[in-house]
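Our numbering applies: residue 160 is where the sequence shown begins, and numbers increase by one. Beta carbons: idealized from backbone N, C-alpha and C, even for Gly. Here's the structure we're looking at; comments come further down.
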Amino acid sequence: MKQQLEAIQKQALDKLTQISEIRELEDLKVAYLGKKGELTRILKGMGALTAEERPIIGQMANEVRTALEESIANTRARLVREERNKRLKDEVIDVTLPGKIRAIGKKHPLTLVLDELKDIFLGMGYEIAEGPEIELDYNNFEALNIPKNHPARDTQDTFYISENVVLRTHTSPVQIRHMQNNKPPIRIICPGRVYRSDAVDATHSPVFHQVEGLVVDKGVTMGDLIGTLQAFAKAIFGKDTRIRLRPHHFPFTEPSAEVDVSCWGCGGTGCRICKGEGWIEILGAGMVHPNVLRECNIDPEIYSGFAFGMGVERITMGKFGIDDMRLLFENDVRFLKQF
Ligand code: DAH
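Dropping the structure here:
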């Protein structure tokens, strides 16, 4: 029996050195120390021993048990340590690795210019008004002194949705909406998208942007309009910029003018950009027609006003030296990245 005990101890300790997982350790513990384990099985044979042998073997069996328990505990500690070391190694973070650079989006050049236009006019005390892109024929034309069959309708190749509903061809209908819902003094700009049935080329797009301006108060004059546009031109194109007004006709203003700025390419001496003219047209303007004021229940005997409308694409192309309008709508990242 003594030899059996020694054999069991040796066998168990040998196996323990080979173990590499906690689960195996649990199995081994059950196999030797469990109720049906090796050690227990031997101890059950103690009944056959003599009275002298029994305490000796009993003590020896206890020593074997203690030795096994101790070794199992040590092995468990070893396994836990090994596992932790392995995890630390697997989860190690290389803080010297370069970070992933995420591309940051940029504002579209049209947005940059629209932001700048808004800043300039907000700085002069204007408010921003907005209106819908799907508009009543009444607001887009009729209330602006352009009745049905008026020749001026031909120049604005209109997308009709129905007889009385259009895609707005300019931002001027926002003037009507604002005057019908607000009393003077009025000082607004309306930035927005407009639509015309134009074929796409380097200078035309069926969708483009305008900024409308409207000021209505007592005693507003053409001088106020010119001063405002002069200040605006210097703010957007630089302090040496000059403007000139050429007589023109718009149904909703009287008198009306087309407004040029001195060329942003040559400053006025003539170059390829201004086709040798020295001037570039950027907007239409004039004194609000009495018929328009009356249509909005504003008495033209008491109030007067000026209005202007400009194309944002033209200004953007001028500011950034873009020579083809299509670039503004194609959204090619190689182009957009440059702003
Ligand atoms: N609505 C005109 C257009 O789209 C531009 C314009 C001209 C607006 C004169 C105005 C104005 O407010 O007074 O071509």
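By the 10 Å Cβ neighbour count, where 16 or more other Cβ atoms means buried, how is P268 classified, buried or exposed?
-> Position 109 of the sequence shown holds residue 268. So P268 counts as buried.
Length at least 4, wholly inside the stretch 323-368: the alpha helix (DSSP H) runs in chain order | DSSP runs (the alpha helix (DSSP H)) wholly in the stretch 323-368: 332-340.
Is A466 near the ligand DAH, with its Cβ less than 6 Å from a heavy atom?
-> Walking along the sequence shown from the start, residue 466 turns up at place 307. Yes, since a heavy atom of the ligand DAH falls inside the 6 Å radius drawn around the Cβ of A466.
Rounded C-beta distance between S421 and R401? I'm assuming under 8 Å.
-> Along the sequence shown, one-based indexing puts residue 421 at 262. Along the sequence shown, one-based indexing puts residue 401 at 242. The Cβ separation is near 4 Å, so the contact holds.
Proximity to D458 [Cα-Cα], best of H448, F467 and A466 = Here the question's residue 458 lines up with position 299 in the sequence shown. For the residues H448, F467 and A466, the minimum Cα distance to D458 belongs to H448.
What is the DSSP secondary structure of P214, reduced to helix, strand or coil?
-> If you number the sequence shown from 1, residue 214 lands on position 55. Three-state result, P214: helix.
Quick one: Cα of G287 to Cα of A311, how far?
-> On the sequence shown, residue 287 is found 128 positions in, with the first residue counted as 1. On the sequence shown, residue 311 is found 152 positions in, with the first residue counted as 1. It should be noted that the sequence gives Ile, not Gly, for residue 287. Cα atoms of I287 and A311: separation of roughly 27 Å, rounded to the nearest angstrom.
Shortest alpha-carbon distance to F318 belongs to which of A232, V353 and R243?
-> If you number the sequence shown from 1, residue 318 lands on position 159. It is V353 whose Cα lies nearest to the Cα of F318.
Please classify M469: does DSSP put it in a helix, a strand, or coil?
-> Sequence index remark: in the sequence shown, residue 469 carries index 310 (1-based). When DSSP states are grouped into helix, strand and coil, M469 belongs to the strand group.
In the DSSP assignment, find the unbroken alpha helix (DSSP H) run with L404 in it and report its ends.
-> Taking the sequence shown and counting its residues from 1, one reaches residue 404 at position 245. It is not in any alpha helix (DSSP H) - L404 instead sits in the beta strand (DSSP E) that spans I402 to F409.
If you draw a straight line from the C-alpha of V520 to the C-alpha of R405, how long is it?
-> The structure shown does not extend to residue 520, since the chain spans only 160 to 498, so no value can be given for it.
Near the ligand DAH: H329 beta-carbon under 6 Å from a heavy atom = What you label residue 329 is simply residue 170 of the sequence shown in a count that begins at 1. Yes.
Can you name the start and end residues of the beta strand (DSSP E) that T412 belongs to?
-> The sequence position of residue 412 within the sequence shown is 253, counting from 1. Residues T412 to S421.
Residue ranges of each beta strand (DSSP E) run of no fewer than 3 residues wholly in the stretch 422-454, ordered along the chain?
-> Within the stretch 422-454, the runs of beta strand (DSSP E) that reach at least 3 residues and sit entirely inside it are, in chain order, 438-447.
Going by the beta-carbon positions, is the gap between V370 and P344 smaller than 7 Å?
-> Position 211 of the sequence shown, counting from 1, holds the residue named residue 370. Position 185 of the sequence shown, counting from 1, holds the residue named residue 344. Taking 7 Å as the Cβ cut-off, V370 and P344 do not qualify as a contacting pair.
Minimum Cβ-Cβ distance from V359 to chain C less than 7 Å | Included in the structure is just one protein chain, with no chain C present.
Rounded C-alpha distance that separates D253 from L198 = Looking up residue 253 in the sequence shown gives position 94. Looking up residue 198 in the sequence shown gives position 39. Roughly 50 Å separates the two Cα atoms.
Kindly list the residues whose CB is nearer than 7 Å to the CB of T234, restricted to its own chain and excluding five residues on each side of it in sequence; keep chain order.
-> In the sequence shown, the residue the question calls residue 234 occupies position 75. The residues are L175, I178 and L184.
Would you mind sorting P332 into buried or exposed? The rule is 16 or more other CB atoms within 10 Å of its CB.
-> The sequence position of residue 332 within the sequence shown is 173, counting from 1. Buried.
Run of the alpha helix (DSSP H) containing I320, from where it starts to where it stops | Reading the sequence shown from its first residue, position 161 is the one you call residue 320. That residue, I320, is in no alpha helix (DSSP H); its beta strand (DSSP E) goes Y319 to S321.
Verify the contact flag: L270, CB atom, against every heavy atom of the ligand DAH, threshold strictly below 6 Å.
-> Reading the sequence shown from its first residue, position 111 is the one you call residue 270. The question names Leu, but residue 270 in the sequence shown is Thr. Outside the cutoff, so no.
Looking at the structure shown, is E301 part of a helix, part of a strand, or coil, going by DSSP?
-> Your numbering for residue 301 matches position 142 in the sequence shown. Helix, per DSSP.
Can the beta-carbon of G264 be found less than 7 Å from the beta-carbon of R336?
-> For this step, residue 264 is matched to residue 105 along the sequence shown. For this step, residue 336 is matched to residue 177 along the sequence shown. With a cutoff of 7 Å on beta-carbon distance, G264 and R336 are scored as not near each other.
Beta-carbon separation of M219 and L164 under 7 Å?
-> The residue you call residue 219 lines up with position 60 of the sequence shown. The residue you call residue 164 lines up with position 5 of the sequence shown. With contacts defined by Cβ atoms closer than 7 Å, M219 and L164 form a contacting pair.
Taking the alpha-carbon positions, what's the A392 to D419 distance?
-> As a first step, residue 392 is located in the sequence shown; it is residue number 233 there, counting from the start. As a first step, residue 419 is located in the sequence shown; it is residue number 260 there, counting from the start. Taking the straight line from one Cα to the other gives about 10 Å.
Buried or exposed: M469, going by 16 or more other Cβ atoms within 10 Å of its Cβ?
-> Within the sequence shown, numbered from 1, the residue matching residue 469 stands at position 310. Looking at its Cβ environment, which holds 16 or more other Cβ atoms inside 10 Å, M469 is buried.
Does DSSP put S230 in a helix, in a strand, or in coil?
-> Counted from its first residue, the sequence shown places residue 230 at position 71. The three-state reading of DSSP puts S230 in helix, counting H, G and I together.
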